[in-house]
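Comments concern the structure below.
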Amino acid sequence: QVLPRFYHENVIDHYNNPRNVGAFDKKDSNVGTGLVGAPACGDVMKLQIKVDEVTGEITDACFKTFGCGSAIASSSVATEWVKGKKMEEIVTIKNTEIAKHLSLPPVKLHCSMLAEDAIKAAVKDYQSKHVNPSASSDAAS
Ligand code: FES
Ligand code: FES
Numbered sequence: 022q023v024l025p026r027f028y029h030e031n032v033i034d035h036y037n038n039p040r041n042v043g044a045f046d047k048k049d050s051n052v053g054t055g056l057v058g059a060p061a062c063g064d065v066m067k068l069q070i071k072v073d074e075v076t077g078e079i080t081d082a083c084f085k086t087f088g089c090g091s092a093i094a095s096s097s098v099a100t101e102w103v104k105g106k107k108m109e110e111i112v113t114i115k116n117t118e119i120a121k122h123l124s125l126p127p128v129k130l131h132c133s134m135l136a137e138d139a140i141k142a143a144v145k146d147y148q149s150k151h152v153n154p155s156a157s158s159d160a161a162s
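Oh and the sequence shown: position 111 is 132 in full-length UniProt numbering, straight run, nothing missing.
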């Protein structure tokens with residue numbers, strides 16, 4: 022048995038072969054960027070989504086994580102899970118689901134929390150770029 026007893030093979034796999042590492046242009050109007058940090062350990066995660074403006078579907082996702090193996094694995098899973106889903110679906114992804122998928126031990130739960138927070142922050146960022154301007158144009162007319 023070469024794997025550390027604590028870690029599920031999904032963690033090792035996502036740590037060794039992280040999916041979707043990279044960055045999109047955060048100024049792109051179709052891109053939402055979530056940048057979050059864990060106060061407990063100082064680890065930082067950036068997760069980005071690319072959204073189809075018409076359907077609201079996530080067409081692509083990527084991440085860069087400066088952090089522990091569990092944080093890297095959590096962000097890798099998160100980018101896989103958000104693709105092809107709608108924004109209102111991905112904000113309901115729970116860190117506990119990610120932690121369960123990776124069988125993270127309790128001390129590593131906050132690492133998966135980073136991924137949940139990063140998804141929500143990315144959606145918020147995208148939405149802030151698409152604020153409905155109708156209110157102000159109504160006033161002007
Ligand atoms: Fe990749 Fe499940 S092993 S999301
Ligand atoms: Fe802090 Fe993993 S130890 S994100």
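Just so you know, even glycine gets a beta-carbon here, dropped at the ideal spot from N, CA and C. Note that the coordinates shown come from a computational prediction; the quantities given were computed from them, not determined experimentally.
beta-carbon residue i near ligand 2 non-hydrogen atom, thresh 6 Å
i, result
"residue 58", "no"
Proximity below 7 Å, CB of residue i to CB of residue j
i, j, result
"residue 119", "residue 136", "yes"
"residue 82", "residue 103", "yes"
"residue 72", "residue 51", "yes"
"residue 149", "residue 29", "no"
"residue 147", "residue 58", "no"
Supposed close pair residue i, residue j - CB separation, criterion 8 Å
i, j, result
"residue 139", "residue 91", "That pair is no contact at about 14 Å."
"residue 40", "residue 78", "No, residue 40 and residue 78 are not in contact; Cβ-Cβ is about 18 Å, not under 8 Å."
"residue 94", "residue 35", "4 Å"
"residue 55", "residue 141", "7 Å"
"residue 31", "residue 151", "Their Cβ separation, rounded to whole angstroms, is 34 Å, which puts residue 31 and residue 151 out of contact at 8 Å."
request  = Go through the residues and name those whose CB comes closer than 7 Å to any heavy atom of ligand 2, in chain order.
outcome  = The answer, residue by residue, is 59, 61, 62, 64, 88, 89, 91, 92, 129, 131, 132, 135.
query = Is there contact here, the segment 82-90 with the segment 49-68, by at least three beta-carbon pairs under 8 Å?
reply = Using a Cβ-Cβ distance cut-off of 8 Å, the segment 82-90 and the segment 49-68 are in contact, since at least three pairs of beta carbons, one from each stretch, lie closer than that value.
query = Counting Cβ pairs closer than 8 Å, one from the segment 123-142 and one from the segment 41-49, do we hit at least three?
reply = No, because fewer than three Cβ pairs between the segment 123-142 and the segment 41-49 fall closer than 8 Å, the two stretches do not touch.
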